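Residue numbers (our numbering): 251 to 772. C-beta: ideal position from N, C-alpha, C; glycine also. Quick caveat: nothing in here was measured; it's all calculated off a predicted structure. Each remark here refers to the structure printed beneath this line.
As C-alpha coordinates, then:
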(Lines of atoms letter the chains of each structure in order from A and count residues from 1; the text may use other names and numbers.)
(Lines give C-alpha, C1' and ligand atoms only; values in the text may rest on other atoms or scores of the structure.)
Protein backbone atom coordinates (compact mmCIF):
# COMPACT_ATOMS: atom_id res chain seq x y z
CA UNK A 1 0.00 0.00 0.00
CA UNK A 2 2.91 2.29 0.74
CA UNK A 3 4.32 1.72 -2.77
CA UNK A 4 0.91 2.28 -4.39
CA UNK A 5 0.40 5.51 -2.46
CA UNK A 6 3.82 6.82 -3.36
CA UNK A 7 3.31 5.86 -6.99
CA UNK A 8 0.01 7.75 -7.23
CA UNK A 9 1.54 10.82 -5.61
CA UNK A 10 4.53 10.77 -7.93
CA UNK A 11 2.36 10.41 -11.02
CA UNK A 12 0.30 13.39 -9.87
CA UNK A 13 3.50 15.39 -9.49
CA UNK A 14 4.65 14.35 -12.97
CA UNK A 15 1.30 15.48 -14.39
CA UNK A 16 1.81 18.88 -12.82
CA UNK A 17 5.30 19.08 -14.33
CA UNK A 18 3.84 18.22 -17.74
CA UNK A 19 1.22 20.98 -17.52
CA UNK A 20 3.97 23.38 -16.49
CA UNK A 21 5.91 22.30 -19.59
CA UNK A 22 2.92 23.18 -21.80
CA UNK A 23 2.51 26.58 -20.15
CA UNK A 24 6.18 27.43 -20.58
CA UNK A 25 6.18 26.32 -24.23
CA UNK A 26 2.94 28.04 -25.21
CA UNK A 27 3.47 31.33 -23.43
CA UNK A 28 0.68 33.89 -23.01
CA UNK A 29 -1.67 32.13 -25.44
CA UNK A 30 -2.01 29.02 -23.30
CA UNK A 31 -4.92 30.31 -21.18
CA UNK A 32 -6.96 31.29 -24.22
CA UNK A 33 -6.09 28.00 -25.92
CA UNK A 34 -7.05 25.97 -22.86
CA UNK A 35 -10.42 27.71 -22.66
CA UNK A 36 -11.13 27.19 -26.31
CA UNK A 37 -10.06 23.57 -26.39
CA UNK A 38 -12.45 22.86 -23.52
CA UNK A 39 -15.26 23.92 -25.88
CA UNK A 40 -14.12 21.70 -28.74
CA UNK A 41 -16.03 18.45 -29.06
CA UNK A 42 -14.39 15.25 -30.26
CA UNK A 43 -16.38 13.67 -33.07
CA UNK A 44 -16.01 9.94 -32.52
CA UNK A 45 -13.34 7.69 -31.09
CA UNK A 46 -9.65 7.15 -31.67
CA UNK A 47 -10.40 5.16 -34.81
CA UNK A 48 -9.44 7.80 -37.32
CA UNK A 49 -10.60 5.72 -40.27
CA UNK A 50 -14.24 5.38 -39.25
CA UNK A 51 -14.81 8.04 -36.57
CA UNK A 52 -13.92 11.67 -37.07
CA UNK A 53 -11.34 12.88 -34.49
CA UNK A 54 -11.90 16.49 -35.57
CA UNK A 55 -12.78 19.30 -33.20
CA UNK A 56 -15.45 21.97 -33.59
CA UNK A 57 -16.02 25.31 -31.84
CA UNK A 58 -19.11 25.14 -29.69
CA UNK A 59 -19.01 21.34 -29.57
CA UNK A 60 -20.96 20.50 -32.74
CA UNK A 61 -19.97 19.96 -36.35
CA UNK A 62 -23.27 21.61 -37.30
CA UNK A 63 -21.92 24.93 -36.05
CA UNK A 64 -20.96 25.80 -39.60
CA UNK A 65 -24.64 26.40 -40.45
CA UNK A 66 -25.01 29.40 -38.17
CA UNK A 67 -21.35 30.30 -38.62
CA UNK A 68 -18.23 29.50 -36.62
CA UNK A 69 -17.79 31.73 -33.53
CA UNK A 70 -13.98 31.75 -33.83
CA UNK A 71 -11.08 29.97 -35.49
CA UNK A 72 -9.51 27.41 -33.14
CA UNK A 73 -5.79 27.51 -32.56
CA UNK A 74 -3.87 24.38 -33.53
CA UNK A 75 -0.50 23.42 -32.08
CA UNK A 76 2.15 23.72 -34.78
CA UNK A 77 0.06 25.99 -37.03
CA UNK A 78 -0.57 29.69 -37.29
CA UNK A 79 -3.62 31.47 -38.67
CA UNK A 80 -2.22 33.64 -41.46
CA UNK A 81 -4.33 36.54 -42.75
CA UNK A 82 -1.61 38.36 -44.67
CA UNK A 83 0.77 36.14 -46.64
CA UNK A 84 -1.49 34.66 -49.30
CA UNK A 85 -2.77 37.50 -51.45
CA UNK A 86 -5.09 36.96 -54.40
CA UNK A 87 -5.76 39.39 -57.24
CA UNK A 88 -4.51 42.88 -57.99
CA UNK A 89 -6.33 44.61 -55.11
CA UNK A 90 -4.64 42.62 -52.37
CA UNK A 91 -7.48 40.36 -51.21
CA UNK A 92 -6.24 37.68 -48.81
CA UNK A 93 -7.23 34.09 -48.12
CA UNK A 94 -7.08 33.15 -44.45
CA UNK A 95 -4.86 30.09 -44.12
CA UNK A 96 -3.75 27.62 -41.47
CA UNK A 97 -0.07 27.08 -42.25
CA UNK A 98 2.98 25.74 -40.41
CA UNK A 99 3.85 28.16 -37.64
CA UNK A 100 7.58 27.95 -38.20
CA UNK A 101 9.42 26.59 -41.22
CA UNK A 102 12.59 27.29 -43.17
CA UNK A 103 11.70 27.91 -46.85
CA UNK A 104 15.16 26.77 -47.93
CA UNK A 105 14.46 23.27 -46.56
CA UNK A 106 11.01 22.79 -48.06
CA UNK A 107 10.67 20.12 -50.77
CA UNK A 108 6.91 19.52 -50.62
CA UNK A 109 3.88 21.78 -50.14
CA UNK A 110 0.40 20.39 -49.56
CA UNK A 111 -2.69 22.59 -49.88
CA UNK A 112 -5.49 20.71 -48.10
CA UNK A 113 -8.99 22.03 -48.82
CA UNK A 114 -11.91 21.54 -46.45
CA UNK A 115 -15.45 20.49 -47.34
CA UNK A 116 -18.76 22.08 -46.46
CA UNK A 117 -17.91 22.22 -42.74
CA UNK A 118 -15.30 24.93 -43.44
CA UNK A 119 -13.02 23.30 -40.86
CA UNK A 120 -9.63 24.37 -42.17
CA UNK A 121 -8.07 23.71 -38.76
CA UNK A 122 -9.03 20.03 -38.89
CA UNK A 123 -7.76 19.65 -42.45
CA UNK A 124 -4.39 21.11 -41.46
CA UNK A 125 -4.23 18.81 -38.45
CA UNK A 126 -5.12 15.65 -40.41
CA UNK A 127 -2.50 16.45 -43.05
CA UNK A 128 0.06 17.34 -40.38
CA UNK A 129 -0.52 14.04 -38.59
CA UNK A 130 -0.34 12.16 -41.88
CA UNK A 131 2.98 13.84 -42.67
CA UNK A 132 4.30 12.89 -39.24
CA UNK A 133 3.29 9.28 -39.77
CA UNK A 134 4.86 9.26 -43.24
CA UNK A 135 8.16 10.64 -41.96
CA UNK A 136 8.37 7.86 -39.36
CA UNK A 137 8.07 5.25 -42.11
CA UNK A 138 10.19 7.07 -44.67
CA UNK A 139 13.46 8.87 -45.26
CA UNK A 140 12.32 12.49 -45.11
CA UNK A 141 11.88 14.98 -42.28
CA UNK A 142 8.72 16.91 -41.50
CA UNK A 143 10.72 20.15 -41.67
CA UNK A 144 10.91 19.52 -45.43
CA UNK A 145 7.11 19.81 -45.73
CA UNK A 146 4.78 22.80 -45.43
CA UNK A 147 1.01 22.38 -45.17
CA UNK A 148 -1.53 25.10 -45.98
CA UNK A 149 -5.25 24.75 -45.28
CA UNK A 150 -7.35 27.62 -46.69
CA UNK A 151 -10.41 28.91 -44.84
CA UNK A 152 -13.22 29.73 -47.26
CA UNK A 153 -15.30 31.94 -44.99
CA UNK A 154 -19.07 32.32 -45.26
CA UNK A 155 -20.66 35.62 -44.25
CA UNK A 156 -22.22 33.57 -41.43
CA UNK A 157 -18.74 33.22 -39.92
CA UNK A 158 -18.62 36.94 -39.09
CA UNK A 159 -17.57 36.23 -35.49
CA UNK A 160 -14.47 34.46 -36.78
CA UNK A 161 -13.17 37.28 -38.99
CA UNK A 162 -12.61 40.98 -38.13
CA UNK A 163 -15.94 42.81 -38.32
CA UNK A 164 -17.69 45.93 -37.09
CA UNK A 165 -20.93 46.35 -35.13
CA UNK A 166 -22.95 45.71 -38.31
CA UNK A 167 -21.22 42.35 -38.84
CA UNK A 168 -19.35 43.81 -41.82
CA UNK A 169 -15.86 42.55 -42.58
CA UNK A 170 -13.28 45.25 -41.93
CA UNK A 171 -10.46 43.64 -43.91
CA UNK A 172 -9.65 42.37 -47.40
CA UNK A 173 -10.29 38.78 -46.34
CA UNK A 174 -12.08 36.74 -49.00
CA UNK A 175 -15.60 35.77 -47.88
CA UNK A 176 -18.38 33.97 -49.73
CA UNK A 177 -22.16 33.65 -49.60
CA UNK A 178 -22.68 30.40 -47.69
CA UNK A 179 -20.62 27.69 -49.40
CA UNK A 180 -20.65 29.38 -52.79
CA UNK A 181 -16.87 28.96 -52.91
CA UNK A 182 -17.41 25.23 -53.58
CA UNK A 183 -19.52 26.03 -56.64
CA UNK A 184 -16.72 28.34 -57.88
CA UNK A 185 -18.87 31.43 -57.26
CA UNK A 186 -16.91 34.64 -56.92
CA UNK A 187 -16.43 35.92 -53.38
CA UNK A 188 -18.69 38.75 -52.20
CA UNK A 189 -16.10 40.32 -49.88
CA UNK A 190 -13.91 42.29 -50.06
CA UNK A 191 -15.75 44.95 -52.03
CA UNK A 192 -14.24 48.14 -53.37
CA UNK A 193 -15.62 51.55 -54.38
CA UNK A 194 -14.84 53.40 -57.60
CA UNK A 195 -11.60 54.67 -56.08
CA UNK A 196 -10.43 51.16 -55.30
CA UNK A 197 -10.93 51.68 -51.57
CA UNK A 198 -12.29 48.96 -49.30
CA UNK A 199 -16.06 49.47 -49.11
CA UNK A 200 -17.70 46.29 -47.90
CA UNK A 201 -21.52 46.47 -48.06
CA UNK A 202 -23.87 45.74 -45.17
CA UNK A 203 -25.62 42.39 -45.02
CA UNK A 204 -28.91 41.84 -43.24
CA UNK A 205 -29.44 38.37 -41.79
CA UNK A 206 -32.99 37.09 -42.28
CA UNK A 207 -34.13 33.51 -41.74
CA UNK A 208 -36.28 32.41 -44.67
CA UNK A 209 -37.51 29.24 -46.31
CA UNK A 210 -35.32 28.35 -49.24
CA UNK A 211 -36.46 28.21 -52.84
CA UNK A 212 -35.77 25.29 -55.16
CA UNK A 213 -34.08 25.44 -58.52
CA UNK A 214 -34.97 23.19 -61.43
CA UNK A 215 -32.31 20.71 -60.36
CA UNK A 216 -33.80 20.45 -56.91
CA UNK A 217 -31.04 22.42 -55.23
CA UNK A 218 -31.25 25.48 -53.02
CA UNK A 219 -30.74 28.98 -54.36
CA UNK A 220 -29.05 31.02 -51.66
CA UNK A 221 -26.98 33.54 -53.48
CA UNK A 222 -27.85 37.20 -53.10
CA UNK A 223 -26.01 37.71 -56.39
CA UNK A 224 -27.99 35.31 -58.58
CA UNK A 225 -29.01 31.70 -59.02
CA UNK A 226 -26.43 29.07 -58.18
CA UNK A 227 -26.73 25.31 -57.84
CA UNK A 228 -25.91 23.94 -54.39
CA UNK A 229 -25.32 20.49 -53.08
CA UNK A 230 -28.04 19.35 -50.71
CA UNK A 231 -27.27 16.99 -47.82
CA UNK A 232 -26.13 16.93 -44.22
CA UNK A 233 -22.55 16.70 -45.44
CA UNK A 234 -22.39 18.91 -48.50
CA UNK A 235 -25.41 21.17 -48.72
CA UNK A 236 -27.79 23.41 -46.88
CA UNK A 237 -30.90 22.48 -44.95
CA UNK A 238 -34.39 23.68 -45.90
CA UNK A 239 -34.38 26.68 -43.56
CA UNK A 240 -31.41 28.90 -44.07
CA UNK A 241 -29.92 32.29 -43.46
CA UNK A 242 -30.68 34.30 -46.58
CA UNK A 243 -28.95 37.64 -46.92
CA UNK A 244 -29.75 40.79 -48.81
CA UNK A 245 -27.62 43.83 -49.41
CA UNK A 246 -28.62 47.11 -47.82
CA UNK A 247 -27.92 50.45 -49.55
CA UNK A 248 -26.42 48.73 -52.57
CA UNK A 249 -27.87 46.66 -55.37
CA UNK A 250 -26.85 43.11 -56.14
CA UNK A 251 -25.49 44.27 -59.48
CA UNK A 252 -23.43 46.98 -57.83
CA UNK A 253 -22.09 44.49 -55.31
CA UNK A 254 -21.08 42.14 -58.10
CA UNK A 255 -19.33 44.96 -59.93
CA UNK A 256 -17.41 46.09 -56.86
CA UNK A 257 -16.62 42.65 -55.44
CA UNK A 258 -13.15 41.14 -55.75
CA UNK A 259 -13.94 39.13 -58.89
CA UNK A 260 -12.16 36.13 -57.40
CA UNK A 261 -13.15 32.54 -56.70
CA UNK A 262 -11.60 29.35 -55.35
CA UNK A 263 -9.75 28.74 -58.63
CA UNK A 264 -8.04 32.13 -58.35
CA UNK A 265 -7.10 31.25 -54.78
CA UNK A 266 -5.48 28.01 -55.92
CA UNK A 267 -3.58 29.93 -58.60
CA UNK A 268 -2.24 32.16 -55.82
CA UNK A 269 -1.05 29.16 -53.79
CA UNK A 270 0.64 27.70 -56.88
CA UNK A 271 2.41 30.98 -57.59
CA UNK A 272 3.53 31.24 -53.97
CA UNK A 273 4.79 27.71 -53.38
CA UNK A 274 6.38 27.08 -56.79
CA UNK A 275 8.42 30.28 -56.58
CA UNK A 276 11.98 28.93 -56.69
CA UNK A 277 13.38 32.15 -55.29
CA UNK A 278 11.26 31.69 -52.18
CA UNK A 279 11.49 27.87 -52.05
CA UNK A 280 14.71 26.93 -53.87
CA UNK A 281 14.36 23.20 -53.14
CA UNK A 282 10.64 22.80 -53.82
CA UNK A 283 10.00 19.72 -55.96
CA UNK A 284 6.24 19.12 -56.11
CA UNK A 285 3.17 20.63 -54.50
CA UNK A 286 -0.08 18.74 -54.00
CA UNK A 287 -3.47 20.44 -54.30
CA UNK A 288 -5.82 18.24 -52.29
CA UNK A 289 -9.48 18.42 -51.39
CA UNK A 290 -12.07 16.32 -49.61
CA UNK A 291 -15.81 16.35 -50.41
CA UNK A 292 -16.69 19.89 -51.52
CA UNK A 293 -12.96 20.54 -51.52
CA UNK A 294 -12.59 17.58 -53.88
CA UNK A 295 -15.14 19.19 -56.19
CA UNK A 296 -13.06 22.37 -56.17
CA UNK A 297 -9.90 20.46 -57.10
CA UNK A 298 -11.72 18.67 -59.94
CA UNK A 299 -12.77 22.05 -61.32
CA UNK A 300 -9.23 23.34 -60.97
CA UNK A 301 -7.85 20.38 -62.92
CA UNK A 302 -10.51 21.11 -65.54
CA UNK A 303 -10.06 24.86 -65.94
CA UNK A 304 -6.48 25.73 -64.93
CA UNK A 305 -4.63 26.94 -68.04
CA UNK A 306 -1.31 25.33 -68.90
CA UNK A 307 1.77 27.06 -67.47
CA UNK A 308 5.43 26.22 -67.05
CA UNK A 309 4.68 25.27 -63.43
CA UNK A 310 2.37 22.36 -64.28
CA UNK A 311 5.15 19.79 -63.88
CA UNK A 312 5.38 20.75 -60.20
CA UNK A 313 1.71 20.07 -59.38
CA UNK A 314 -0.08 16.86 -58.37
CA UNK A 315 -3.84 16.83 -57.74
CA UNK A 316 -5.69 14.84 -55.07
CA UNK A 317 -9.48 14.44 -55.18
CA UNK A 318 -11.48 12.61 -52.52
CA UNK A 319 -15.19 11.87 -52.20
CA UNK A 320 -16.79 14.65 -54.29
CA UNK A 321 -20.57 14.73 -54.64
CA UNK A 322 -20.22 15.51 -58.35
CA UNK A 323 -17.63 16.05 -61.05
CA UNK A 324 -17.49 18.23 -64.15
CA UNK A 325 -18.21 15.86 -67.04
CA UNK A 326 -16.33 16.71 -70.22
CA UNK A 327 -18.96 15.29 -72.58
CA UNK A 328 -22.74 14.84 -72.56
CA UNK A 329 -22.70 11.09 -71.91
CA UNK A 330 -23.87 9.86 -68.50
CA UNK A 331 -23.87 6.42 -66.86
CA UNK A 332 -27.40 6.89 -65.47
CA UNK A 333 -30.68 8.08 -66.95
CA UNK A 334 -31.05 11.75 -67.85
CA UNK A 335 -34.79 11.54 -68.46
CA UNK A 336 -36.65 14.55 -67.05
CA UNK A 337 -33.33 16.27 -66.33
CA UNK A 338 -32.82 18.78 -69.12
CA UNK A 339 -29.95 20.58 -67.38
CA UNK A 340 -27.88 17.48 -66.54
CA UNK A 341 -24.93 18.86 -68.51
CA UNK A 342 -25.11 22.44 -67.22
CA UNK A 343 -22.22 23.60 -65.09
CA UNK A 344 -21.34 22.51 -62.35
CA UNK A 345 -22.10 19.03 -63.70
CA UNK A 346 -20.92 19.59 -67.27
CA UNK A 347 -19.56 22.21 -69.65
CA UNK A 348 -22.88 23.70 -70.80
CA UNK A 349 -24.61 26.72 -69.30
CA UNK A 350 -22.82 29.46 -67.38
CA UNK A 351 -19.23 28.56 -66.57
CA UNK A 352 -17.29 30.12 -63.67
CA UNK A 353 -16.11 33.70 -64.12
CA UNK A 354 -12.57 32.28 -63.86
CA UNK A 355 -13.13 30.62 -67.25
CA UNK A 356 -14.02 33.97 -68.81
CA UNK A 357 -10.84 35.41 -67.34
CA UNK A 358 -8.84 32.64 -69.06
CA UNK A 359 -11.16 32.09 -72.04
CA UNK A 360 -8.48 31.61 -74.69
CA UNK A 361 -7.23 28.47 -72.90
CA UNK A 362 -10.58 27.08 -71.84
CA UNK A 363 -12.50 26.03 -74.91
CA UNK A 364 -14.19 22.62 -74.49
CA UNK A 365 -11.73 20.99 -76.90
CA UNK A 366 -8.70 22.37 -75.06
CA UNK A 367 -10.16 21.29 -71.71
CA UNK A 368 -10.68 17.72 -72.94
CA UNK A 369 -7.26 17.56 -74.58
CA UNK A 370 -5.36 18.76 -71.52
CA UNK A 371 -7.19 16.94 -68.68
CA UNK A 372 -5.14 13.73 -68.86
CA UNK A 373 -1.84 15.63 -68.93
CA UNK A 374 -2.25 16.18 -65.19
CA UNK A 375 -1.36 13.69 -62.48
CA UNK A 376 -4.49 13.11 -60.40
CA UNK A 377 -5.18 10.78 -57.48
CA UNK A 378 -8.80 9.83 -56.72
CA UNK A 379 -10.15 8.42 -53.45
CA UNK A 380 -13.42 7.30 -51.90
CA UNK A 381 -14.34 5.16 -48.90
CA UNK A 382 -16.23 1.94 -49.63
CA UNK A 383 -18.81 2.93 -46.98
CA UNK A 384 -19.41 6.39 -48.44
CA UNK A 385 -22.97 5.53 -49.42
CA UNK A 386 -24.48 9.02 -49.02
CA UNK A 387 -25.73 10.77 -52.12
CA UNK A 388 -24.42 14.15 -50.99
CA UNK A 389 -26.14 15.90 -53.89
CA UNK A 390 -29.72 14.81 -54.65
CA UNK A 391 -30.20 16.82 -57.84
CA UNK A 392 -31.10 14.92 -60.99
CA UNK A 393 -27.88 16.15 -62.59
CA UNK A 394 -25.83 14.59 -59.80
CA UNK A 395 -27.87 11.37 -59.86
CA UNK A 396 -27.14 11.05 -63.57
CA UNK A 397 -23.50 10.54 -62.50
CA UNK A 398 -24.38 7.77 -60.02
CA UNK A 399 -26.38 7.02 -56.89
CA UNK A 400 -23.80 7.97 -54.27
CA UNK A 401 -20.19 9.04 -53.78
CA UNK A 402 -18.84 5.56 -54.55
CA UNK A 403 -20.93 5.09 -57.71
CA UNK A 404 -20.01 8.52 -59.00
CA UNK A 405 -16.31 7.95 -58.52
CA UNK A 406 -16.46 4.44 -60.00
CA UNK A 407 -18.31 5.74 -63.05
CA UNK A 408 -15.88 8.62 -63.52
CA UNK A 409 -12.90 6.28 -63.45
CA UNK A 410 -14.47 3.58 -65.64
CA UNK A 411 -16.68 5.50 -68.07
CA UNK A 412 -15.14 8.95 -68.49
CA UNK A 413 -11.37 9.10 -68.04
CA UNK A 414 -10.47 6.07 -70.23
CA UNK A 415 -12.17 7.67 -73.24
CA UNK A 416 -10.74 11.17 -73.05
CA UNK A 417 -8.36 12.36 -75.78
CA UNK A 418 -4.63 11.73 -75.30
CA UNK A 419 -5.07 8.51 -73.35
CA UNK A 420 -2.25 6.27 -74.64
CA UNK A 421 -4.31 3.24 -73.62
CA UNK A 422 -7.84 3.97 -74.89
CA UNK A 423 -10.51 2.25 -72.86
CA UNK A 424 -8.17 1.73 -69.90
CA UNK A 425 -7.34 3.86 -66.87
CA UNK A 426 -4.90 6.54 -68.07
CA UNK A 427 -1.31 6.37 -66.73
CA UNK A 428 -1.68 9.80 -65.10
CA UNK A 429 -4.58 8.54 -62.97
CA UNK A 430 -4.60 6.47 -59.77
CA UNK A 431 -7.75 5.41 -57.91
CA UNK A 432 -8.06 3.94 -54.42
CA UNK A 433 -11.19 2.76 -52.61
CA UNK A 434 -10.58 2.52 -48.88
CA UNK A 435 -12.20 -0.46 -47.18
CA UNK A 436 -14.64 0.40 -44.40
CA UNK A 437 -14.10 4.16 -44.62
CA UNK A 438 -17.26 6.37 -44.68
CA UNK A 439 -17.49 10.01 -45.80
CA UNK A 440 -14.63 11.04 -43.52
CA UNK A 441 -11.71 13.33 -44.28
CA UNK A 442 -9.40 11.92 -41.61
CA UNK A 443 -10.03 8.37 -42.81
CA UNK A 444 -8.71 9.22 -46.25
CA UNK A 445 -5.98 11.74 -45.46
CA UNK A 446 -4.43 9.58 -42.74
CA UNK A 447 -4.75 6.28 -44.60
CA UNK A 448 -1.62 4.68 -46.04
CA UNK A 449 -2.88 5.50 -49.54
CA UNK A 450 -3.50 9.11 -48.53
CA UNK A 451 -0.10 9.34 -46.88
CA UNK A 452 1.63 7.88 -49.94
CA UNK A 453 0.05 10.25 -52.43
CA UNK A 454 0.18 13.38 -50.29
CA UNK A 455 3.75 13.02 -49.04
CA UNK A 456 5.76 10.18 -50.62
CA UNK A 457 5.04 10.26 -54.35
CA UNK A 458 7.50 12.47 -56.28
CA UNK A 459 8.98 13.76 -53.02
CA UNK A 460 12.48 14.08 -54.48
CA UNK A 461 11.28 15.16 -57.92
CA UNK A 462 8.99 13.79 -60.61
CA UNK A 463 8.93 9.96 -60.36
CA UNK A 464 11.50 9.92 -57.53
CA UNK A 465 9.56 8.81 -54.46
CA UNK A 466 10.37 8.77 -50.77
CA UNK A 467 10.30 5.27 -49.34
CA UNK A 468 7.18 4.00 -47.59
CA UNK A 469 3.85 2.25 -48.24
CA UNK A 470 2.83 2.10 -51.92
CA UNK A 471 -0.71 0.67 -52.12
CA UNK A 472 -1.67 3.08 -54.93
CA UNK A 473 -0.39 2.51 -58.46
CA UNK A 474 -0.49 4.94 -61.38
CA UNK A 475 -2.70 3.77 -64.20
CA UNK A 476 -4.66 1.45 -61.94
CA UNK A 477 -7.24 1.11 -59.20
CA UNK A 478 -7.15 -0.72 -55.89
CA UNK A 479 -9.45 -1.58 -53.02
CA UNK A 480 -7.24 -1.37 -49.98
CA UNK A 481 -7.44 -1.26 -46.19
CA UNK A 482 -6.78 2.25 -44.88
CA UNK A 483 -3.91 1.00 -42.70
CA UNK A 484 -2.33 -1.19 -45.38
CA UNK A 485 1.43 -1.25 -44.84
CA UNK A 486 1.39 0.93 -41.73
CA UNK A 487 3.42 0.05 -38.66
CA UNK A 488 1.55 -0.39 -35.39
CA UNK A 489 4.06 2.03 -33.83
CA UNK A 490 2.83 5.00 -35.83
CA UNK A 491 1.24 7.46 -33.42
CA UNK A 492 -0.17 10.14 -35.69
CA UNK A 493 2.16 12.79 -34.29
CA UNK A 494 5.59 13.85 -35.44
CA UNK A 495 8.44 14.01 -33.00
CA UNK A 496 8.43 17.80 -32.65
CA UNK A 497 4.73 18.43 -32.08
CA UNK A 498 4.46 15.52 -29.66
CA UNK A 499 7.35 16.54 -27.39
CA UNK A 500 5.34 17.61 -24.38
CA UNK A 501 2.71 14.94 -25.00
CA UNK A 502 5.29 12.16 -24.96
CA UNK A 503 7.15 13.30 -21.86
CA UNK A 504 4.57 12.17 -19.30
CA UNK A 505 4.66 8.57 -20.51
CA UNK A 506 8.48 8.55 -20.52
CA UNK A 507 8.63 10.08 -17.06
CA UNK A 508 5.96 7.74 -15.78
CA UNK A 509 7.90 4.71 -16.99
CA UNK A 510 11.04 6.00 -15.29
CA UNK A 511 9.10 6.68 -12.11
CA UNK A 512 7.63 3.19 -12.16
CA UNK A 513 11.10 1.69 -12.55
CA UNK A 514 12.37 3.70 -9.57
CA UNK A 515 9.41 2.74 -7.44
CA UNK A 516 9.74 -0.94 -8.28
CA UNK A 517 13.42 -0.79 -7.46
CA UNK A 518 12.59 0.89 -4.16
CA UNK A 519 9.89 -1.67 -3.47
CA UNK A 520 12.40 -4.48 -3.79
CA UNK A 521 14.38 -2.93 -0.96
CA UNK A 522 11.35 -2.41 1.35
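Checklist entry - For residue 667 versus residue 619, is the C-beta distance shorter than 8 angstroms? => result In the chain shown, the residue the question calls residue 667 occupies position 417. In the chain shown, the residue the question calls residue 619 occupies position 369. Yes; because the gap between Cβ atoms is below 8 angstroms, this pair is in contact.
Checklist entry - Counting Cβ pairs, one atom from each stretch, are 3 or more of them under 8 angstroms apart for the region 355 to 367 and the region 416 to 426? => result no
Item to check | Option nearest residue 366 by Cα separation, candidates 571, 417, 720 | outcome: For the purposes of this step, residue 366 is identified with residue 116 of the chain shown, where counting begins at 1. Residue 571 is the option with its Cα nearest to residue 366.
Item to check | C-alpha gap between residue 318 and residue 324, whole angstroms | outcome: Locating residue 318 in the chain shown gives position 68, where the first residue counts as 1. Locating residue 324 in the chain shown gives position 74, where the first residue counts as 1. C-alpha separation (whole angstroms): 16 angstroms.
Next on the checklist: On the CB-based measure, 16 or more other CB atoms within 10 Å of its CB, does residue 404 come out buried or exposed?
Outcome noted: In the chain shown, the residue the question calls residue 404 occupies position 154. The residue in question, residue 404, is buried, as its Cβ has 16 or more Cβ neighbours within 10 Å.
Checklist entry - Taking residue 547 as the reference, which of 329, 686, 626, 321 has the closest Cα? => result If you number the chain shown from 1, residue 547 lands on position 297. Comparing Cα positions, the closest option is 626.
Next on the checklist: Looking at the ligand SAM, does it come within less than 7 angstroms of residue 423, judged from the CB to the closest heavy atom?
Outcome noted: As presented, the structure is devoid of all ligands, the ligand SAM included, so that no description of it is given.
Checklist entry - What residues are listed by DSSP as bridge partners for residue 403? => result As a working note, residue 403 is residue 153 in the chain shown. Beta-bridge pairing links residue 403 to 425.
Next on the checklist: Applying the 10 Å Cβ sphere with the 16-neighbour rule, what's the burial state of residue 389?
Outcome noted: Here residue 389 is taken as the residue at index 139 of the chain shown, counted from 1. Residue burial annotation: residue 389 is exposed, with fewer than 16 other C-beta atoms found within 10 angstroms of its C-beta.
Item to check | Presumed contact (8 angstroms Cβ cut-off) between residue 378 and residue 397, rounded CB distance | outcome: Indexing the chain shown from 1 puts residue 378 at position 128. Indexing the chain shown from 1 puts residue 397 at position 147. Going by Cβ atoms, the distance from residue 378 to residue 397 rounds to 6 angstroms, so yes, they are a contact pair.
Checklist entry - Closest to residue 514 by CA distance: which of 343, 542, 313, 719 is it? => result For the purposes of this step, residue 514 is identified with residue 264 of the chain shown, where counting begins at 1. The residue with the shortest Cα to Cα distance from residue 514 is 343.
Checklist entry - Whose C-beta lies closer than 8 angstroms to the C-beta of residue 222 among residues of the same chain, with five residues either side of it excluded? => result With the chain represented from 251 up to 772, any question about residue 222 goes unanswered, as that position is not in the structure.
Next on the checklist: For a test of the three-state rule: what should DSSP assign to residue 774, helix, strand or coil?
Outcome noted: Any property of residue 774 remains undetermined from this structure, which presents the chain solely from 251 to 772.
Checklist entry - Roughly how many angstroms lie between the CA atoms of residue 540 and residue 568, to the nearest whole one? => result The residue labelled residue 540 in the question sits at position 290 within the chain shown. The residue labelled residue 568 in the question sits at position 318 within the chain shown. Their Cα atoms are separated by approximately 5 angstroms.
Item to check | Run of the alpha helix (DSSP H) containing residue 552, from where it starts to where it stops | outcome: Within the chain shown, numbered from 1, the residue matching residue 552 stands at position 302. 542 to 553 is the extent of the alpha helix (DSSP H) around residue 552.
Checklist entry - Where does residue 597 fall in DSSP's three states? => result For the purposes of this step, residue 597 is taken as the residue at position 347 of the chain shown. Residue 597: coil per DSSP, three-state reduction.
Item to check | Burial state of residue 406 (16 or more Cβ within 10 Å) | outcome: Counting from one through the chain shown, the residue named residue 406 turns up at place 156. Looking at its Cβ environment, which holds 16 or more other Cβ atoms inside 10 Å, residue 406 is buried.
Checklist entry - Around the Cβ of residue 637, are there at least 16 other Cβ atoms within 10 angstroms (buried) or fewer (exposed)? => result Here residue 637 is taken as the residue at index 387 of the chain shown, counted from 1. Under this definition residue 637 is a buried residue.
Item to check | Where the beta strand (DSSP E) through residue 330 begins and ends | outcome: On the chain shown, residue 330 is found 80 positions in, with the first residue counted as 1. Residues 327 to 330.
Next on the checklist: Rounded to the nearest angstrom, what separates residue 441 and residue 516 at their Cα positions?
Outcome noted: Position 191 of the chain shown, counted from the first residue, corresponds to residue 441. Position 266 of the chain shown, counted from the first residue, corresponds to residue 516. Residue 441 and residue 516: Cα-Cα distance of roughly 20 angstroms.
Next on the checklist: On the CB-based measure, 16 or more other CB atoms within 10 Å of its CB, does residue 594 come out buried or exposed?
Outcome noted: Numbered from 1 along the chain shown, position 344 holds the residue referred to as residue 594. Buried.
Checklist entry - Candidates 712, 321, 308: which alpha carbon is nearest residue 532's? => result In the chain shown, residue 532 corresponds to position 282, counting from 1. Among 712, 321, 308, the Cα nearest to that of residue 532 belongs to 712.
Checklist entry - With distances taken between CB atoms, is the gap from residue 510 to residue 336 smaller than 8 angstroms? => result Numbered from 1 along the chain shown, position 260 holds the residue referred to as residue 510. Numbered from 1 along the chain shown, position 86 holds the residue referred to as residue 336. The answer is yes: Cβ separation under 8 angstroms.
Checklist entry - Are residue 694 and residue 629 close, meaning C-beta to C-beta below 8 angstroms? => result As a first step, residue 694 is located in the chain shown; it is residue number 444 there, counting from the start. As a first step, residue 629 is located in the chain shown; it is residue number 379 there, counting from the start. It is a contact, given that the beta carbons lie within the stated cut-off.
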